[in-house]
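Chains A and B, in that order, give the protein sequences.
The first sequence begins at 41 in the working numbering and counts up one residue at a time.
The second sequence begins at 10 in the working numbering and counts up one residue at a time.
Built from N, CA and C at the ideal position, the CB exists for glycine as well.
Note that the structure is a prediction, hence the values are computed from the model and not measured.
Notes follow the structure.
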Amino acid sequence: MIDYAIKNILRRRIRSLMTISGITVMMTLVIVITGIVSYQVRTMNAHAAAGSGKINVQPMLAGMTYPAGGIDLPESEAAAVLLDTEAYSQPALCARVLFFTLKEPLYPNQPPELILTGIEAGKEESFTGSVAQDVRPAAGVETFTGTTIEQPVIVGEHAADVYEAETGQEINIGTVLDILGQPYTVAGLLDHSADIVVNNAVILPLDQAQDLLGKEGFVSSILLVAADINTDADILQVIETRYPQLNVVTDDTVRRNAQSGIALFEAMVNTISTVAVLCAAFLIMTVTLITVRERTREIGVLRALGASKWTVIGSVIWEIFLLSLAGSLLGGVASGFILAFALQENLFDIVHILTYLPLAILLTLAAGLVPALNISRILPVEALRYE
Amino acid sequence: MKTILKLENVTKKYSLGSTVVHALRGVNIELEKGKYYSIVGPSGSGKSTLLHILGCMDLPSTGEVWINSRPVHCLNETQLTKIRAVELGFIFQSFHLNPILTVLENVSIALQFLGIGKAAAQERAREWLDRVGLDHRLDHYPSELSGGERQRVAIARALVKKPQFVLADEPTGNLDSKTGQEIISLLRKINREAGVTIVQVTHDREIAEMGDEIISFRDGRILQ
Ligand SMILES: Nc1ncnc2c1ncn2[C@@H]1O[C@H](COP(=O)(O)OP(=O)(O)O)[C@@H](O)[C@H]1O
Ligand SMILES: [Mg+2]
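This is the structure in structure tokens:
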């Protein structure tokens, strides 16, 4: 009876197209929004994991996000913190930093697309290197002490891509970038880092950054690296007891922070997906119900001619299955295109799409099953009634 | 002559809310193989109800129905479906062809219910459509045919499975009298050639008299 099902689909063209489009739209919606969330979770985890070992101390008012610019911390106070924690840290990897958002992030709960980072010359590694990963430059220098350029800048991997996309020219050592109206010469290009903040960074010497932003004598935060695992707690205690106006943000805080931020977003997405999936299920249910109702006579005739209940039910289920298969597949393709090309970031993840397809098909099939079973109540005499 | 169909004291009641309609009030008949029967009677006298019971589409309220010495009144739904598929052919007043199927498919589908493959089914369907004079209409849809042509398709559909008997409920009811006569002549011819038993219900005296035997019906009973 599969050929009978196919004939029904082809002959009742408008109904079939409407049903398929409905399922396609809803599946696309579900896959695209859950795709964005799963991308968010992935990058968030990468972001949190990358910092490993870094302890960021910043003004209470800056909250718990890293990196946080905007709230100024007097340089002298930062120096005091460095001094007070010296016993528990690796002073060579500790530095004062100034952050400034040059370009906002594309999605909430992510670090900015471009982060202006001012750091003391010779201390760059406290920012670019982490305990987990030490980022080497792909080209040029990794520290300002090794350059004679007057207004030097070291550019993170992603930041370089952003500039290339904006200016349309290739970024190389020696290329002059316009940063807040001032010309800076690229002295170093960083290799890929697992830390998004480093990838997105545009690094200037601290004094030049302060100058550029008009923040002489101020920084945003202090980056500390503990001497060993056990001194983490000591650093925390020093800050807590002596600097009540400062906050300590570790990768753990970043992770928890991001998770709580994304939780609401995730809940919203789950709600929308559930509603969309239910809509698809109701659509199939309605279509099946109408199909069975409007074909009562036709089904009665089939039964009178000797078709068994299950033959007829089978043909209707084939019909629903093929409609939901077509709708779901089209939804998979459409969402794949949207995730891959239409959004600003490549969010395409084939595994994510493939896990949704059988789910969608099964669910819509289940939705059609109940009304399809109604067929067993149609008697062959229906064919002759009202003649 | 061999009896292929027998009803004994068959009654049929329908409950419509609090009122009970007695559509059949004790019917006894024996139908012989190869004969052409016409059932006549006023509207509402129970002719269609009788045909449904003969056609294994409905069961009697009381009484017995025997087809080829098999007790139909004792069979279950699956067994009744099997009898309808194998041994019975139906012709309806309003044709009831499937609008999404072509003429050829409308006829061959009856064989597919018997588990016959599509190609073989279409081959046999073609033969029968040729016999009813529709070999030039195979790929048309029912909506493109005239009433008489549609009823011919229905005849081919009823007969393609080589049934024991064919039941026709007012087969000429939706046709003009000339076309109606042609259809009945065709049925009569098939009845003679194939030896298939035919039971038709009709309002029309002339058409009734084209059969071998007339059974008159009134108020759910046969008039002797
Ligand atoms: N499904 C049904 N439910 C209730 N009453 C019915 C049903 N089918 C037939 N009847 C009643 O049974 C009687 C006989 O009907 P029917 O066999 O269709 O008569 P005929 O075909 O001779 O016109 C009528 O009174 C009709 O209203
Ligand atoms: Mg009737």
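Between residue 319(A) and residue 159(A), what straight-line distance do the alpha-carbon atoms span, to the nearest angstrom?
The count along the first sequence starts at 1 and reaches residue 319(A) at position 279. The count along the first sequence starts at 1 and reaches residue 159(A) at position 119. One C-alpha to the other measures close to 53 Å.
In this structure, does DSSP put residue 213(B) in helix, strand or coil?
Numbered from 1 along the second sequence, position 204 holds the residue referred to as residue 213(B). Coil at residue 213(B), not helix or strand.
Grouping DSSP H, G and I as helix and E and B as strand, with all else coil, what is residue 14(B)?
Stepping through the second sequence from its first residue, residue 14(B) is reached at position 5. Reduced to three states, the DSSP call for residue 14(B) is strand.
Helix, strand or coil for residue 103(A)? Go by DSSP, reduced to three states.
Taking the first residue of the first sequence as position 1, residue 103(A) is located at position 63. Coil at residue 103(A), not helix or strand.
Give a yes or no on whether the C-beta atoms belonging to residue 34(A) and residue 95(A) are separated by under 8 Å.
In the structure as shown, chain A starts at 41 and stops at 427, and residue 34(A) therefore has no counterpart that could be examined.
Please classify residue 268(A) as buried or exposed, where buried requires at least 16 other C-beta atoms within 10 Å of its C-beta.
Start at 1 with the first residue of the first sequence, and residue 268(A) comes out as number 228. With fewer than 16 other Cβ atoms within 10 Å, it is exposed.
Measuring CA to CA, which of 75(B), 53(B) and 56(B) is closest to residue 40(B)?
Residue 40(B) sits at position 31 when you count from the first residue of the second sequence. The shortest C-alpha separation from residue 40(B) is found at 75(B).
Could you check whether residue 226(B) and residue 56(B) sit closer than 8 Å to each other, using their CB atoms as the reference points?
Along the second sequence, one-based indexing puts residue 56(B) at 47. Along the second sequence, one-based indexing puts residue 226(B) at 217. In contact: residue 56(B) and residue 226(B) (Cβ atoms closer than 8 Å).
List, in chain order, every chain B residue whose beta-carbon is nearer than 7 Å to that of residue 347(A).
As a position in the first sequence, residue 347(A) is number 307, starting the count at 1. The contacting residues are 122.
Within 10 Å of its beta-carbon, does residue 309(A) have 16 or more other beta-carbons around it, so buried, or fewer, so exposed?
If you number the first sequence from 1, residue 309(A) lands on position 269. Answer is buried; the Cβ neighbour count reaches 16.
Per DSSP, residue 178(B) is paired with what?
As a position in the second sequence, residue 178(B) is number 169, starting the count at 1. Answer by DSSP bridge pairing, in chain order: 210(B).
Determine the direct distance from the alpha carbon of residue 192(A) to that of residue 223(A), and round the result to whole angstroms.
As a first step, residue 223(A) is located in the first sequence; it is residue number 183 there, counting from the start. As a first step, residue 192(A) is located in the first sequence; it is residue number 152 there, counting from the start. Roughly 9 Å between the two C-alpha positions.
What does the Cβ neighbour count give for residue 146(B), buried or exposed, with the cut at 16 atoms within 10 Å?
Locating residue 146(B) in the second sequence gives position 137, where the first residue counts as 1. Counting Cβ neighbours within 10 Å, residue 146(B) comes out buried, since at least 16 surround it.
Could you tell me if residue 23(B) is buried or exposed, where buried requires 16 or more neighbouring beta carbons within 10 angstroms of its beta carbon?
Taking the first residue of the second sequence as 1, we reach residue 23(B) at position 14. It is exposed - the Cβ of residue 23(B) has fewer than 16 other Cβ atoms within 10 Å.
Ordered along the chain, which non-local residues of its own chain (more than five positions away) have a Cβ less than 8 Å from that of residue 211(A)?
Stepping through the first sequence from its first residue, residue 211(A) is reached at position 171. Once the five neighbours on either side are set aside, the close Cβ partners of residue 211(A) are 195, 200, 203, 204, 217, 226 and 229.
Step through the CB atoms of chain B and report whether any lies within less than 8 Å of the CB of residue 382(A).
Within the first sequence, the letter at position 342 stands for residue 382(A). False, the Cβ-Cβ gap to chain B never drops below 8 Å.
Please name the residue, chosen from 185(A), 271(A) and 50(A), that lies closest to residue 245(A) on a Cα-to-Cα basis.
Here the question's residue 245(A) lines up with position 205 in the first sequence. The shortest Cα separation from residue 245(A) among 185(A), 271(A) and 50(A) belongs to 185(A).
Would DSSP call residue 218(A) helix, strand or coil?
Residue 218(A) sits at position 178 when you count from the first residue of the first sequence. Here residue 218(A) sits in strand by DSSP.
Can residue 97(B) and residue 176(B) be called in contact, C-beta distance under 8 Å?
What you label residue 97(B) is simply residue 88 of the second sequence in a count that begins at 1. What you label residue 176(B) is simply residue 167 of the second sequence in a count that begins at 1. Their beta carbons are under 8 Å apart, which means residue 97(B) touches residue 176(B) by this criterion.
Identify, in the order they occur along the chain, each residue of the same chain with its Cβ nearer than 7 Å to the Cβ of residue 422(A), setting aside the five sequence neighbours on each side.
Here residue 422(A) corresponds to residue number 382 of the first sequence, with the count starting at 1. Cβ within range, chain order: 336, 337 and 340.
So does residue 11(B) have its beta carbon nearer than 7 Å to some heavy atom of ligand 2?
For the purposes of this step, residue 11(B) is taken as the residue at position 2 of the second sequence. Because no heavy atom of ligand 2 lies under 7 Å away, the Cβ of residue 11(B) does not count as near it: no.
My output table needs one value for residue 213(A): the three-state DSSP class, helix, strand or coil.
Reading the first sequence from its first residue, position 173 is the one you call residue 213(A). Residue 213(A) falls in the coil class under three-state DSSP.
Less than 8 Å between the beta carbons of residue 59(B) and residue 81(B), yes or no?
Looking up residue 59(B) in the second sequence gives position 50. Looking up residue 81(B) in the second sequence gives position 72. Against a cut-off of 8 Å, the Cβ pair of residue 81(B) and residue 59(B) comes out as no contact.
Listing by chain order, which chain B residues have their CB less than 7 Å from the CB of residue 338(A)?
As a working note, residue 338(A) is residue 298 in the first sequence. Those within 7 Å of residue 338(A) in chain B are 107.
For residue 67(A), which residues of its own chain have a beta-carbon under 6 Å away from its beta-carbon, when the five flanking residues on both sides are left out?
The residue given as residue 67(A) occupies position 27 in the first sequence. Result list for residue 67(A): 368, 371 and 400, in chain order.
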